[in-house]
Structures are given as C-alpha cells and as structure tokens.
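The sequence shown lines up with residues -11 to 273 when you count with our numbering. No residue lacks a Cβ here, since even glycine has one placed at the ideal position from N, Cα and C. Okay, structure first, notes after.
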Amino acid sequence: MFDNDLNADLHCHSVVSDGTLTPEELAARAAANGVQLWALTDHDEVGGLQRAAEAARANGMRFLTGVEISVTFCNETVHIVGLGFDAEDAAVRQGLYDTRNGRGPRAREIADQLARVGIKGAYEGALRFVGNPELISRTHFARFLVEQGHCRDTSEVFRKYLTEGKPGYVPHRWASLGDAIRWIRDAGGVAVIAHPGRYKFTANEEYALFTEFKGHGGQGVEVVTGSHTPAEYVEYADKAKEFGLAASRGSDFHSPDESHCDLGHLPLLSPSLQPVWSLLADRVQ
Ligand code: AMP
Ligand code: MN
Ligand code: MN
Ligand code: MN
C-alpha cells in the first residue's frame, strides 16, 4: 500500500472551493482514472471532507483528509496542503474560518478595480459561479470574465487580470506559515508545501521558505503536481532530499474544462523519494 507505485492523488478542488465538480463527482472520476489513495484539498475549507470520505469508500478508494491553506510568506501567497489531520479539530476550524474571512471584502475590491477598467457587475457575476459563499476566489472572477467574452479561457484571464500589476489584483494578507503548519500538525496531520515551482521567489527566498517550513514542523513537499513541468519534478525531488522532506503527488484538478492535468494522470514518484503517505499510514480512512 505505502509504496512509490501507488496512484495517489493528494490535491484537488470541489465546488466547496473553486472546483466545478461535487465531492461525489470527483471521487467517481478519480476512481475511474485508477486513483487508489485520494485526498480532497479545498482552499481554506474542510466542508466537503465528510462527503468526500463517504464517496471514496463507495468507490473503493483509500482516503486522507485534506485542505490547501492560503499563507502569506515574503509578501507572496504560498499554499500549504494539510493531509491526514482531524477535520473536526477546533483550532483547525477556527484558523480556516479566519483565513476565509477576508475573502468577501477582497472580492468587493477586485470588482471595484474591474469596474474602473469598464467591467461592471463583476462581484455579482463572480458570485453566480460560487458554490460556497465563504469562498469567493479569483477563479470565480476568472470564470465570469470568460463568460462575458473578455478572455478566451481562465489562463488568459490570469495573464491579463487578477495578478500583480494587472486590473483586479488586490494584495491580501493570509495566514502565517507557522500558524498554518501548527493547525495541521496539532490535529495529527502532515503539512506539505504545495507546487513550489509556481512561486516567484528568488533563490534566497525559496531557501527561506523551505528552511522556515522545516523549522515550524513541516514534513512534505509536492514534487509531482499538475503545476510542475517535468524539469521541476527533478528540481523539487532534489529539494525534497536536500531538506529531508517527504514527497507528495497531486493533480490540482479543478475542472474538466479548465484543468490540463486530470485526476490520477501524473507520473509516479521517483523510487528514490519517501512518499508522504508513508508518514500517514495510521491516518488513512
Ligand atoms: P485566490 O485563492 O482567490 O487567490 O485564487 C487562487 C486560485 O486561482 C488558484 O487556486 C487557482 O485555482 C487560480 N489561479 C491562480 N493563478 C492561475 C493561473 N495562472 N491560471 C489558472 N488559474 C489560476
Ligand atoms: Mn484553486
Ligand atoms: Mn494552490
Ligand atoms: Mn490547489
């Protein structure tokens, strides 16, 4: 079970955050794609985990609880995936609630900026795509901008809008790295740096991220993810070894129409890496 050949997919999103499928639809799709160990990792939210666990069981998959926590580090947004923690833990729930809390006012500011470049009604428009009112995200604005014909797809949206220096970018302060890791660890789980290849850090800042992550008790890093190039699989396999971190694997699937990497459709972890699920044997449901 706990080998590098396991088809584990430990990163994806449902309608409870910014995915377009329900937890049940994701479970069925993951199982059909041969996933053996699955985790649902909605942004800043554990509201889909009970349904996901039941759907995993119904589809014959092993399951780990999951979440993807938004963190601010060196003035950048970094994502920390938590796996195998107790989703009923009060500190986890309060921490995630506080992290979600700023999203409403932020969304209003995003809409105000878009209105200034002639795109009216973006707040109400984005809300039509939202499954969970506490979790309005840039992805929902991106879907609205595509629907309105401003861009062909969501990738084009993130090149032209919603990112630093572009209309609709609102700097935001999320959770601290130490708090996010502590919530996960103290609830019996493992903290994992999500898609490190995506951050625009200098070499020094990235070194600081890995060092401080370790210092706070973080134990894993995503090596094989839908967000990495094959060259980055190698680069972050080396980083995992350098920092003594276990390796994780996950598609970061959001939607059949938007995601280029489907559930379970990723290269296996290199045999030289310690899989993160080897740390979570007693947490698998
Ligand atoms: P938020 O948490 O509201 O800042 O939204 C972040 C989400 O936007 C990410 O989880 C992705 O789903 C999506 N996103 C960010 N950058 C891109 C990109 N370049 N292309 C497609 N989706 C993106
Ligand atoms: Mn997302
Ligand atoms: Mn992410
Ligand atoms: Mn994600």
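Three-state secondary structure (DSSP) of residue i
{"i": "Met(-11)", "result": "Interpretation of Met(-11) is limited by its pLDDT of 45, a score under 50 that renders its predicted location unreliable; the figure taken from the coordinates is listed afterwards. Residue state, collapsed to three classes: coil."}
{"i": "Glu246", "result": "coil"}
{"i": "Pro184", "result": "helix"}
{"i": "Thr213", "result": "strand"}
{"i": "Phe241", "result": "strand"}
{"i": "Pro259", "result": "coil"}
{"i": "Ala27", "result": "strand"}
{"i": "Val264", "result": "helix"}
{"i": "Ala95", "result": "helix"}
{"i": "Val105", "result": "coil"}
{"i": "Val222", "result": "helix"}
{"i": "Leu197", "result": "helix"}
{"i": "Leu274", "result": "Lying before the first or after the last residue shown, residue 274 is absent from the chain, which here runs from -11 to 273."}
{"i": "Thr87", "result": "helix"}
{"i": "Thr8", "result": "coil"}
{"i": "Gly205", "result": "coil"}
{"i": "Asp270", "result": "helix"}
Rounded separation between residue i and residue j - CA only
{"i": "Gln207", "j": "His138", "result": "42 Å"}
{"i": "Phe132", "j": "Asp(-3)", "result": "28 Å"}
{"i": "Trp171", "j": "Gln82", "result": "9 Å"}
{"i": "Trp265", "j": "Leu251", "result": "17 Å"}
{"i": "Pro259", "j": "Ile181", "result": "20 Å"}
{"i": "Val272", "j": "Phe51", "result": "6 Å"}
{"i": "Ser243", "j": "Glu193", "result": "32 Å"}
{"i": "Leu267", "j": "Gly205", "result": "13 Å"}
{"i": "Phe241", "j": "Tyr187", "result": "18 Å"}
{"i": "Ala225", "j": "Thr217", "result": "12 Å"}
{"i": "Val134", "j": "Arg140", "result": "6 Å"}
{"i": "His(-1)", "j": "Val105", "result": "35 Å"}
{"i": "Val211", "j": "Ala168", "result": "20 Å"}
{"i": "Glu99", "j": "Ile107", "result": "Note that residue 99 is Ala in the sequence shown here, rather than Glu. Going from the Cα of Ala99 to the Cα of Ile107 covers about 8 Å."}
{"i": "Gly36", "j": "Val55", "result": "10 Å"}
{"i": "Gln38", "j": "Ile57", "result": "18 Å"}
{"i": "His1", "j": "Val145", "result": "19 Å"}
{"i": "Thr233", "j": "Asn63", "result": "Reading off the sequence shown, one finds Leu at residue 233, where the question assumed Thr. Each residue's Cα considered, the two are about 24 Å apart."}
{"i": "Val158", "j": "Gly90", "result": "11 Å"}
{"i": "Lys229", "j": "Phe201", "result": "15 Å"}
{"i": "Val66", "j": "Glu13", "result": "28 Å"}
Proximal residues to residue i (C-beta, below 6 Å), its chain only, five neighbours per side dropped
{"i": "Glu122", "result": "Arg88"}
{"i": "Gln24", "result": "Leu(-6), Asn(-5)"}
{"i": "Ala15", "result": "Ala43, Ala44, Asn47"}
{"i": "Thr60", "result": "Arg161, Trp162"}
{"i": "His31", "result": "Ser5, Glu56"}
{"i": "Asp74", "result": "Ala175, Gly176"}
{"i": "Glu246", "result": "Thr142"}
{"i": "Met(-11)", "result": "Unreliable positioning characterises Met(-11) in this predicted model, as indicated by a pLDDT of 45, which lies under 50. The coordinate reading is nonetheless provided below. Counting only Cβ-Cβ distances below 6 Å, and skipping sequence neighbours, we find nothing."}
Residues near residue i in its chain [Cβ-Cβ closer than 7 Å; skip 5 each side]
{"i": "Ala41", "result": "Phe51, Gln273"}
{"i": "Ala114", "result": "Ala95, Ile124, His128, Phe129, Phe132"}
{"i": "Lys154", "result": "Lys148"}
{"i": "Gly119", "result": "Val3, Val4"}
{"i": "Phe189", "result": "Cys62, Glu64, Leu197"}
Those residues which DSSP pairs with residue i across a bridge
{"i": "Ser236", "result": "Glu210"}
{"i": "Ala(-4)", "result": "Leu25"}
{"i": "Val178", "result": "Leu71"}
Same chain, Cβ closer than 8 Å to residue i, five either side skipped, listed in chain order
{"i": "His248", "result": "Gly214"}
beta-carbon residue i near ligand 5 non-hydrogen atom, thresh 7 Å
{"i": "Glu220", "result": "As presented, the structure is devoid of ligand 5, carrying ligand 1, ligand 2, ligand 3 and ligand 4 as its sole ligands."}
At 4 residues or longer, what runs of the alpha helix (DSSP H) sit wholly inside the stretch 113 to 165? Whole alpha helix (DSSP H) segments, 4+ residues: 126 to 135, 142 to 148.
Restricting to runs no shorter than 3 residues, where is the beta strand (DSSP E) found entirely within the stretch 31 to 83? Correct list: 50 to 52, 54 to 61, 64 to 71.
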